[in-house]
Amino acid sequence: MKNFYSNIIKPNPKNLNKIIKILKKDGIISLPTETVYGLAGNAYSKISIRKIFNVKKRSKKNPLIVHYYNLKDAKKDVVLDKRFHKIFNKFGPGPLTFILKKKQSSRINPIACANLKTVGVRFPKNKIIRKILKDLSFPLAMPSANKSSSISPVKATDVAEEFGNKIKIVDGGVSKIGIESTVLNLDGKISILRPGIITSTQLEKILKIKINLKYNQKIIKSPGSLRKHYSPGIPIYLNKKKCPKEFAFITFGFKYPVTRNSFNLSRKSNLNEAAKNLYKFFRLIKNKGYKKIYVVKIPNKGIGFAINDRLKRAAKK
Ligand code: AMP
Ligand code: MG
């Protein structure tokens, strides 16, 4: 595997200026965030949005998350209600996407929102992307920087594996969280469309209401998300206690022996660490040439719920 790519650039001041120029000219570029690496373009520009969908080979029915520097910028495009402010005060900026009502006056390109009346809005915490957003007069539409249905990238070389030298990639090191943001629907009845590191229990505490985990129904409702997702492209078998030597064995906790084919998500049974290792291991296992993956049962509490969501979708045939 190559480990040098000339299109991976450091976020120094000179390069940051170049990046801003590329984005202002409707170019697209891969940027680091605290969740996974994204493929960014001007959310107001039809040209940029088209480029993102084309490079990813993404279905036009699957909307993009729009990233803002602050509330003042977001207010131009979406309605920020009471519930939003309550949650933002506690968790913003961070790994949480809000589905909000789009304003009539919004300049977001309709294709970015799959022609919906809502927008997926996120305020990333990563310092590099915040520096870039601060200098732009438009928000960034940014899905994960991988080909549609493949594994999300958690470091610059992962993105290069997906797209070669087609696009520039800003090197921000390894993503802190390593799985995608929690997606919270605030349009009408509140629900979680994609579980993440911020859990329903944490959100319920703030809003003092019960939140439905509607994300399974949503998968059926929205055709774009029915497909196999987050997948390393080889069969995955869940809830396994043992694994043949020739297959990769993803384990969790101290009780599993260290073998050549085992990949322990967290020896200490720490679910944050497990989330951070999940896509890293998927990619590693794929690159090592394994033909199948067995996975032990992962506790379905807290962040474990998000890990199991990704595992189930990756295992979908
Ligand atoms: P990704 O492509 O990994 O960035 O994931 C984006 C996620 O946000 C997908 O699950 C989308 O379906 C979801 N999303 C973005 N915008 C909206 C929206 N307006 N309504 C519902 N879901 C959205
Ligand atoms: Mg994605």
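Heads up: take any position in the sequence shown, counting from 1, add 9, and you land on this note's numbering.
Don't be surprised by glycine CBs; every beta carbon is placed ideally from N, CA and C.
Treat the numbers as computed from the prediction; the structure is a model and nothing was measured.
Span of the alpha helix (DSSP H) holding residue i?
i      : result
Ile61  : 55 to 65
Arg203 : Element bounds for Arg203: not the alpha helix (DSSP H) but the beta strand (DSSP E), 200 to 203.
Ile316 : 313 to 324
Val168 : 165 to 172
What's the C-alpha gap between residue i and residue j?
i      : j      : result
Glu282 : Ala257 : 19 angstroms
Leu80  : Lys289 : 33 angstroms
Pro133 : Ile141 : 11 angstroms
Leu149 : Gly181 : 17 angstroms
Ala324 : Asn51  : 33 angstroms
Val267 : Leu287 : 17 angstroms
Phe126 : Lys110 : According to the sequence as given, residue 126 is Lys; it is not Phe. Cα to Cα, Lys126 sits roughly 6 angstroms from Lys110.
Lys69  : Asn24  : 31 angstroms
Asp82  : Val88  : 11 angstroms
Leu73  : Ile220 : 23 angstroms
Ile160 : Lys33  : 28 angstroms
Phe100 : Lys254 : 43 angstroms
Asn98  : Pro119 : 29 angstroms
Leu195 : Cys252 : 42 angstroms
Val64  : Ile201 : 28 angstroms
Tyr265 : Lys326 : 27 angstroms
Pro308 : Thr44  : 21 angstroms
Ile228 : Asp90  : A caution first: Ile228 carries a pLDDT of 44, below 50, which makes its placement in the model too unreliable to give a value.
Asn26  : Lys249 : 50 angstroms
Val192 : Ile302 : 27 angstroms
Gly47  : Gln211 : 26 angstroms
Along the chain, where does the beta strand (DSSP E) that runs through residue i open and close?
i      : result
Arg276 : Taken as a continuous stretch (DSSP letters only), Arg276 belongs to no beta strand (DSSP E), as it is neither H nor E.
Val45  : Segment: none, Val45 is in no beta strand (DSSP E) and carries neither H nor E.
Leu38  : It is worth fixing the name first, because residue 38 is Ile in this sequence and not Leu. That run of the beta strand (DSSP E) goes 38 to 40.
Thr191 : 191 to 194
Please classify residue i: does DSSP put it in a helix, a strand, or coil?
i      : result
Ala257 : strand
Ser240 : coil
Lys306 : coil
Asn21  : coil
Tyr14  : coil
Ile178 : strand
Leu32  : helix
Ile74  : strand
Ile215 : helix
Leu287 : helix
Asn51  : strand
Thr210 : helix
Ile334 : What is shown of the chain runs 10 to 326, which leaves residue 334 out entirely.
Is the beta carbon of residue j closer than 9 angstroms to that of residue i?
i      : j      : result
Leu40  : Ile207 : no
Ile58  : Ala121 : yes
Leu216 : Ile294 : no
Val168 : Ile18  : no
Ser157 : Asn296 : no
Val380 : Gly242 : Look at the range of the chain in this structure, 10 to 326, and you will see that residue 380 is not part of it.
Phe107 : Arg139 : no
Ile31  : Lys177 : yes
Ala315 : Gly197 : no
Lys277 : Ile188 : no
Lys143 : Tyr78  : yes
Complete runs of the beta strand (DSSP E) confined to the segment 80 to 156 [at least 3 residues]:
105 to 110, 127 to 131
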